[in-house]
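Numbering (my numbering), first residue to last: 29 to 618. Think of the CB as a built atom: it goes at the ideal place given N, C-alpha and C, for glycine as much as any other residue. All values derive from a computational prediction rather than experimental measurement.
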Amino acid sequence: MASRSLRALAALLPLASEALAQSTNETVWSSFAYVFYGERTPLQGELPSSLTPLGAQQLYSQGALFRARYLSNSSLSDEDNTITTNAPIAGIERLALDNNQLSIYSTADDYVVGGALAFLQGLYPPVTGTFAYNNGGENASVLANGTTVEYPLNGYQYPNIQSIPSTDLNSVWLEGHTACAEYRSSGITFRTTSVAEQMYDATLAFYRTTFADVFPNTLPSSMLNFDYAYDLYDYAQYAYNHDSSVREALNVDRLAILRNLADIQQFDLNGNLTASGSRQGDMIRAISGRTLAAKVVAQLSTHIHSAGTANKMTLMFGSFEPFLAFFALSDLASTASSGLFRLIPEPGSAMVFELFSTVNDTSYPQENELWVRFLYRNGTDSDAPLMEYPLFGRGNSETRMRWSDFQEGISAFAIQEVSTWCDLCNSITLFCDSLSYGSGSSSGSLGGTSGSGNSNASLSAPVAGVIGAVTTLAVLGLAGTTAFVFGGLRLRRKDSLDAAKRRSSSLGGFKGAEKMASDHDVSIAKSGARHERVGSWELSGPGPVPTPTPATVTENNPSGIFGASVRHHQRDDDVDSVLGAKPVDPVERV
């Protein structure tokens, strides 16, 4: 009890100083948050990974805390006041969701998108009788006969979440590690380092004994070692939360050891800045933090350039790798609080970047009057505070910095061009191929001016070839029509035999006369590998990454934006198959 009281007191002291600093003339203009998904079923096992009710509650709780901090003008409850302070965002809708003010991104994983929806339910819960001004206000809810119509489910609000698969160019900013071949190669190399070999030898007996005692005959014996530290902890933590017999047999001490080993492994795989890929000093293992940092600056820059109208709040939902990478890049993992920033975040954790001013003026401030602070909340427990921390090796009293200083600090390691990411990662994704074939100055740059982060990359050679072919056919068709009308060209119907011959020799789509009845005109061969964490099958042994049997699927790449219903891009579970495989040569003719 005494230690818990001291822990609570220690958490309150920084909040007290924060509240004092925020008590006069401070206005928050924009907030950028990267949020870790909630509890899901484990990666290993018979069930596909999916969000659990506990995971949904964790994200809902985090969203409710954000509501208390950013959308409430009144004093906080006693419980919320021990976790955060009140810092309302200027000009944001308090009750009714206005999608024009928010930018929301999620990976395409079901459990991540589901968690994002739960978070938004906590941020903007159902409400009746209140409607956002940009959505038409009350006029949009009143019919001509005077009847007021509410949204279903007692005023449920519909967020516009962009679900981005790793085959999309914009996934670079959200999960820059996932489709990065050099990142995964570096993870495979990790197992041959002295640190990994020592940990493997020192922990082998512990893993085998623990899983023989608690989880007999559940996982292959080849997995019971340090190479699979994260997967084994992930499996044990889920069982500990949901199975009383496992909780008793495993006990908190052995679970803590499993957690500690996973922390060590994953920080080295994502926060080791001395490890290089194809270029010396490229910090390839922290690639996801380098791209995420660029997105932070881009979103806040867009907000500034819009004079405060765009990106009042940016929410990104994904995995823990960008957390560890950014912690290392920003020197958070090297400070007095480094112990916290070398750990895998708890489910539902959030790191936040706030843009604010201290000028007592209701008009939008000048750029040189803007400040930035970084906040982190590890988990969603009632005693987990949202606290400020200094970036870039600054002292504990320098948790806030001018906007220009923040930009300068981020620019030291951020990757702002997709083409740069493609080169560092040696990626053979389709969008990298498009950029390499394209002409002009476009390279998928964030530029700090686009809220959507879209790129105007040039057309690839195959696409340009198709366009040219279609144009040629159109010209020939026009010439034929002219000859028919003005030149006396006559058409003669042939007999059925001629027609049969003509059909048998037709082009038959892109495969010509060789096309079979079962063939599709456009198909792409994919290797359907299950999406795994680095430090899992990649570390199972020497040699190339295992590639499953290829399967042919039809290309389907929708926008991934949904409002009233959850709609995903095509599943991107096969992204890992790009390793060890040559890219398919594009067909550049019709």
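C-beta atoms of residue i and residue j nearer than 8 Å
i, j, result
"Y133", "M344", "yes"
"F381", "L328", "yes"
"T112", "A96", "yes"
"A168", "A322", "no"
"G119", "K340", "yes"
"L398", "Q444", "no"
"Y652", "M379", "Any property of residue 652 remains undetermined from this structure, which presents the chain solely from 29 to 618."
"L458", "V446", "no"
"G317", "F369", "no"
"N253", "L283", "no"
"P116", "S100", "yes"
"N198", "I189", "no"
"T427", "N53", "no"
"T206", "S222", "no"
"D255", "R219", "yes"
"F384", "T55", "yes"
"W431", "T319", "no"
"E67", "N269", "yes"
"V140", "G376", "no"
"V280", "Q435", "no"
"P350", "Y98", "no"
"Y289", "A257", "Per the sequence presented here, residue 289 reads as Leu, with Tyr not at that position. Against a cut-off of 8 Å, the Cβ pair of A257 and L289 comes out as a contact."
"N162", "N109", "no"
Environment of residue i [buried if 16+ CB atoms lie within 10 Å]
i, result
"R518", "In this prediction, R518 scores a pLDDT of 48, lower than 50, which makes its location untrustworthy; the coordinate-derived value is nonetheless stated afterwards. Burial call: exposed."
"L181", "exposed"
"N406", "buried"
"L87", "buried"
"D137", "buried"
"G537", "In this prediction, G537 has a pLDDT of 37, which is less than 50 and means its spatial position is unreliable; what the coordinates show is noted afterwards. Exposed, since its Cβ has fewer than 16 Cβ neighbours within 10 Å."
"G174", "exposed"
"A361", "buried"
"R236", "exposed"
"T69", "buried"
"P244", "exposed"
"E225", "exposed"
"E203", "buried"
"E416", "buried"
"D241", "exposed"
"L352", "buried"
"G588", "Its pLDDT being 38, under 50, G588 is placed unreliably by the model, and nothing is read from it."
"S78", "exposed"
"A412", "buried"
"S58", "buried"
"A267", "buried"
"A303", "buried"
"L414", "buried"
Spatial neighbours of residue i in its chain, beta-carbon cut-off 8 Å, leaving aside the 5 residues before and after
i, result
"L247", "Q72, F239, L260, Y263"
"L621", "In the structure displayed, the chain extends from 29 to 618; residue 621 sits before or after that span and is not available."
"P81", "none"
"S366", "L360"
Neighbourhood of residue i by C-beta, 7 Å cutoff - its chain only, sequence neighbours within 5 removed
i, result
"N300", "R313"
"A160", "E121, A124, L125, D126"
"I495", "Below a pLDDT of 50, predicted positions are generally treated as unreliable, and I495, at 44, falls in that range; the measurement from the model is reported next regardless. Nothing listed; no residue qualifies."
Sequence-distant residues of its chain with Cβ nearer than 6 Å to residue i (five each side left out)
i, result
"S89", "T408"
"T342", "F60, S131, Q327"
"F348", "F64, I372, P373"
"L357", "A314, G317, F441"
"G305", "E210, S214, I312"
"N388", "N53"
Residue i: CB within 7 Å of a non-hydrogen atom of the ligand SAH
i, result
"F402", "This structure lacks the ligand SAH; in fact it carries no ligand of any kind."
Practice task
Say whether the segment 383 to 403 touches the segment 324 to 339, bearing in mind that this needs 3 or more beta-carbon pairs closer than 8 Å, one atom from each stretch.
Solution key: Contact between the segment 383 to 403 and the segment 324 to 339 is present, because at least three Cβ pairs lie under 8 Å.
Exercise for the section: Taking 8 Å as the threshold, find out whether the segment 153 to 165 comes into contact with the segment 302 to 314 through three or more Cβ pairs. Expected result: Contact between the segment 153 to 165 and the segment 302 to 314 is absent, because fewer than three Cβ pairs lie under 8 Å.
Exercise for the section: Mind listing, in chain order, the continuous beta strand (DSSP E) runs of no fewer than 3 residues lying wholly within the segment 336 to 372? Expected result: Runs of the beta strand (DSSP E) inside the segment 336 to 372: 341 to 346.
Handout entry: Validate contact between the segment 141 to 150 and the segment 74 to 90 using beta carbons, cut 8 Å, 3 pairs
Key = These segments touch.
Problem - Within the segment 431 to 465, ranges of the alpha helix (DSSP H) (whole runs, at least 4 residues) - result: 431 to 439, 446 to 453, 458 to 465, all fully within the segment 431 to 465.
Practice task
Taking 8 Å as the threshold, find out whether the segment 197 to 211 comes into contact with the segment 449 to 458 through three or more Cβ pairs.
Solution key: Between the segment 197 to 211 and the segment 449 to 458 there are three or more C-beta pairs closer than 8 Å, enough to call the two in contact.
Exercise for the section: Run through the segment 137 to 177 for me and flag every whole alpha helix (DSSP H) of 4 or more residues, listed as ranges in chain order. Expected result: For the segment 137 to 177, whole alpha helix (DSSP H) runs of length 4 or above, ordered along the chain, are 138 to 151.
Practice task
Evaluate the contact criterion for the segment 282 to 295 versus the segment 411 to 431: three or more CB pairs, one atom per stretch, below 8 Å.
Solution key: No, because fewer than three Cβ pairs between the segment 282 to 295 and the segment 411 to 431 fall closer than 8 Å, the two stretches do not touch.
Practice task
Identify every run of the alpha helix (DSSP H) within the segment 197 to 285, keeping only runs that are complete inside it and at least 4 residues long; order them along the chain.
Solution key: Runs found: 199 to 202, 209 to 218, 222 to 242, 257 to 270.
Problem - Runs of beta strand (DSSP E) wholly within the segment 380 to 421 (minimum 3 residues, chain order) - result: Whole beta strand (DSSP E) segments, 3+ residues: 398 to 405, 415 to 417.
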